[in-house]
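Beneath this line is the structure, given in structure tokens, with notes to follow.
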Amino acid sequence: MTATDSYVRVCALGDLVEDTPQRVEVDGVPVSVVRTAGDVFAINDICSHANVSLSEGEVEDCQIECWLHGSSFDLRTGKPSGLPATRPVPVYPVKIVGDDVLVSVTQES
Ligand code: FES
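In full-length UniProt numbering, the protein residues as written are 1 to 109.
Quick look at the structure:
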């Protein structure tokens, strides 16, 4: 991985399949990287309700759904759209540099 400021290269843009979350680790933090709606988003991979990997869920309408109990989190804000989750999941800024996808987990976007 290559760092640019606090940004870390996580994958190539071409590696991301539309609406298919990819789990990566950035500085030890599990992150789900999602290419959807013409953009790329990075959200903490752990559901705020329980220790479940969000990258195993489905993406629709710029939201990622936790497969266990069905709360969806907005990929732009991390906020849950409904119960049982009540707390947001951290989201992180993404930079696209050429074909590289970079994420910073030291600042929440
Ligand atoms: S573990 Fe994600 S909604 Fe319950």
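Glycine residues also receive a C-beta, built at the ideal position from the N, C-alpha and C atoms.
Helix, strand or coil at residue i according to DSSP, with G and I counted as helix
i, result
"Leu16", "coil"
"Cys66", "coil"
"Glu60", "strand"
"Ser104", "coil"
"Ser55", "helix"
"Thr86", "coil"
"Lys95", "strand"
"Pro30", "strand"
"Thr77", "coil"
"Ala42", "strand"
Rounded straight-line distance, which links the Cα of residue j to that of residue i
i, j, result
"Asp39", "Ser48", "23 Å"
"Ala50", "Gln22", "19 Å"
"Gly70", "Val97", "34 Å"
Whole-Å CB distance - residue i paired with residue j, under 8 Å assumed
i, j, result
"Leu102", "Val89", "That pair is no contact at about 20 Å."
"Ser32", "Asp45", "4 Å"
Beta carbon proximity, residue i to chain D, threshold 7 Å
i, result
"Asp45", "No chain D appears in this structure, which consists of one protein chain only."
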